[in-house]
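Q:
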Amino acid sequence: MWPLRLMPMRAGDQVQRHSEALAAITENNPWREQRDEFTGAPTDFHERHYREFVTFLPHVQRFLYGQGRSSATLRGYGESPIRVFRRHDIAAVRLGCEDGSTLDLTVQHIDLYFFYDVDVVLLVLEVYADDLPLPRVQELLFRFGRAFPAKWSEDGRAAQCMRSVQWLGRDGQVLAESDYGDRERYLRHVWEHRASAIGRHWEYLLSPMVLHHSEADGDIRYRQLEYHRQPKMTFLSFDDPFALTREDFVRLGQATQPDDGRPLPYSEEVMSEFERTSCYDRFWVPGRRSENASTRVICTGPSMVMVGMHGLSGYSDPQNGLLAEFRHQYFLIGLIAHFHRASLLMLMDRLVVAVSLLDADEADSRRRFKRSIRQTMEIFLRFNHRYWFGEVSKQSMAKDLFDMWSRNLGNDALYNELRAEILDMDNYLEADDSRRQNETLLRLTVVTIFGLVGTIVTGFLGMNIFDGPPATLIGKIGAVLMVAVPTLLLTFYTLKKSSALSEFFDAVSDDSLTPRQKFKSFLRIWRKRSPPLRRRYDPPVGTPR
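Residue numbers (the numbering used here): 3 to 547.
1. Between Ala178 and the rest of its own chain, which residues show a CB-CB distance below 6 angstroms, the 5 nearest in sequence each way excluded?
2. When the distance is taken between beta carbons, is Gln18 closer than 8 angstroms to Val86?
3. Answer yes if the segment 121 to 136 comes into contact with the segment 344 to 353, meaning at least three C-beta pairs across the two stretches below 8 angstroms, and no otherwise.
4. I'd like the ranges of any alpha helix (DSSP H) spanning at least 4 consecutive residues and lying wholly in the segment 301 to 352.
5. Gly336: which of Thr247, Met406, Leu359 sits nearest, CA to CA?
6. Evaluate the contact criterion for the segment 129 to 147 versus the segment 388 to 397: three or more CB pairs, one atom per stretch, below 8 angstroms.
7. Express the C-alpha separation of Leu359 and Gln232 in angstroms, rounding to a whole number.
8. Of all the alpha helix (DSSP H) runs that stay within the bounds of the segment 236 to 315, which reach a length of 4 or more residues?
9. Is it right to say Met235 is buried, meaning 16 or more other beta carbons lie within 10 angstroms of its own, or is it exposed?
10. Helix, strand or coil for Phe494 per DSSP?
11. In angstroms, rounded to a whole number, what distance separates the CA positions of Arg437 and Leu443?
12. Is the distance from the Cβ of Leu238 to the Cβ of Val309 below 8 angstroms?
13. If you measure between the beta carbons of Gly183 and Gly147, is that distance less than 8 angstroms?
14. If you follow the alpha helix (DSSP H) that Val62 is part of, which residue opens it and which one closes it?
15. DSSP on Glu179, reduced to helix/strand/coil?
16. Spell out a yes or no on whether the segment 91 to 99 and the segment 138 to 152 are touching, meaning 3 or more CB-CB pairs, one atom from each, closer than 8 angstroms.
17. For the segment 322 to 335 and the segment 256 to 266, state whether three or more C-beta atom pairs, one from each stretch, are separated by less than 8 angstroms.
18. What are the start and end residues of the alpha helix (DSSP H) that includes Arg373?
19. Return the first residue and the last residue of the beta strand (DSSP E) that Glu128 is part of.
20. Name the two residues that bound the continuous beta strand (DSSP E) containing Pro575.
21. Can you tell which of Thr516, Tyr495, Pro517 has the C-alpha that lies nearest to the C-alpha of Trp528?
22. Applying the 10 Å Cβ sphere with the 16-neighbour rule, what's the burial state of Val192?
23. Please classify Trp204: does DSSP put it in a helix, a strand, or coil?
24. In the DSSP assignment, the alpha helix (DSSP H) including Ser405 goes from what residue to what residue?
25. Give the secondary structure of Phe87 by DSSP, where H, G and I count as helix, E and B as strand, and everything else as coil.
26. Can you confirm whether the segment 410 to 430 touches the segment 350 to 359 when touching is taken to mean that 3 or more C-beta pairs between the two stretches lie within less than 8 angstroms?
27. If you count every other CB in all the chains shown that lies within 10 Å of the CB of Leu127, and 16 or more means buried, which is it?
28. Check whether the segment 270 to 286 touches the segment 207 to 227, taking contact to mean three or more Cβ pairs, one atom from each stretch, closer than 8 angstroms.
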């Protein structure tokens, strides 16, 4: 599962509707919307779909499946806010391994998960193979699923990556191939855009969507949110899972390099911490060596591995066994956990972009910054009430795995950090608005006070003084000054005594004071106020004066 951030298609719109834009592309678009079993014919709905549905709590059911055909909703017949698109042109992936051999994995499905009102998409790729040796599985977990190389070896090959990755069509034709060895392309992209490029085969898989900094045409653009190692879920069926060593579980759970005969360089404290925080051993009792206690789940957050016994009744059954639950219930639990993290990272990315584009000296930039912050705050509030779940199921294993997944991904800490940042931004904007309002009120007060002078003068003398009884011009001007000057003096004197007058008004409105106390407050208006005390500075003893 690879979470990506979707970039805005239209500036100013909060709901961008990228899924509708993808559905509207008719030329060179391999993606088709995938309807779930609830929207198909009744014969397509089986017991495994029912068991998947009842695993979750009602509020999660509405998120995953909608509210039913009888509900009035935002779109259609109570549809889920999730829209899934699938492509059917890729049948397999051919991987070039480190030892020079090749391995073909069958593609089960390739999906894009869009979420209403959240600019995030998850690419979900499911592949499978049978009868693989354990070192090969460890190599796939370690090398496959990298968006781009982190470094290159001396011979120019991308380190820690598959030698090659090829998407194969239905007829076996190579549709796209990785370019991990093109070091200059990756270096130049980072130098030019301050952002990493992704492999050509991943670009092909996501087309017609294009990378944010790509020169290719496309309205739907995405950028990376996470580390270049894509999150994985792995289901492994062993003839004898009890033969796995402690280090084997660490290599599988942390997707480290394959076993080369040397022990892991980890201390006992690290190994114990891994087992305590990342291993779910509710159904794992190696000392008993029983089939019904042979399933172990490892969840580090970015990686989840389920290990069990192949001969266990129903374990590998894709319809009703644990494999079916892995591909449905537990996949959806992982999808929710990674969607939560991707959404929080997307919102934090929006805050970073808004702050980086702010020019405090430019009025238009400040207005755009405020608008962007308020939009992000509104999106966060809607995400909080629509998508943020603290609990998804009451079934013990589903509940425990979601808690472990969210904890190891750090979702709660990320949520609290984002919430604090948004509240800080909101408090700043409110304080800034209050300051501007106070400045406006102050200016209006000054205008009102000086306007009071003209009001009194014209009210006393009349607006038509210059057209009044016969008098010389000097006499008329003198009459105006005789009223204006005392009024100005009285106004400034009132301003001078404004603090004392304010205290007197407060005393008059206070019912707990006696008339005598209120009269004393009136007399204090004309008393001379002593200046504020200034603390005398006494230098330390022995200091020259």
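Virtual Cβ for every residue (Gly too), placed ideally from N, Cα, C.
A: Answer, in terms of the structure:
1. Same-chain partners within the cutoff: Trp169, His203, Tyr206.
2. no
3. Yes, the segment 344 to 353 is in contact with the segment 121 to 136.
4. 324 to 327
5. Met406
6. Contact between the segment 129 to 147 and the segment 388 to 397 is absent, with fewer than three C-beta pairs closer than 8 angstroms.
7. 29 angstroms
8. 248 to 256, 270 to 280
9. buried
10. helix
11. 10 angstroms
12. yes
13. At a Cβ-Cβ threshold of 8 angstroms, Gly183 and Gly147 do not count as neighbours.
14. 60 to 67
15. Strand.
16. yes
17. no
18. 365 to 388
19. 120 to 130
20. No answer is possible for residue 575: it lies beyond the span of the chain, which begins at 3 and ends at 547.
21. Tyr495
22. exposed
23. Here Trp204 sits in helix by DSSP.
24. Note on identity: in this sequence residue 405 is Asp, with Ser being the wrong assignment. Looking at the DSSP string, the run of the alpha helix (DSSP H) that includes Asp405 is 398 to 411.
25. strand
26. Yes, the segment 350 to 359 touches the segment 410 to 430.
27. So Leu127 counts as buried.
28. The segment 270 to 286 vs the segment 207 to 227: no contact.
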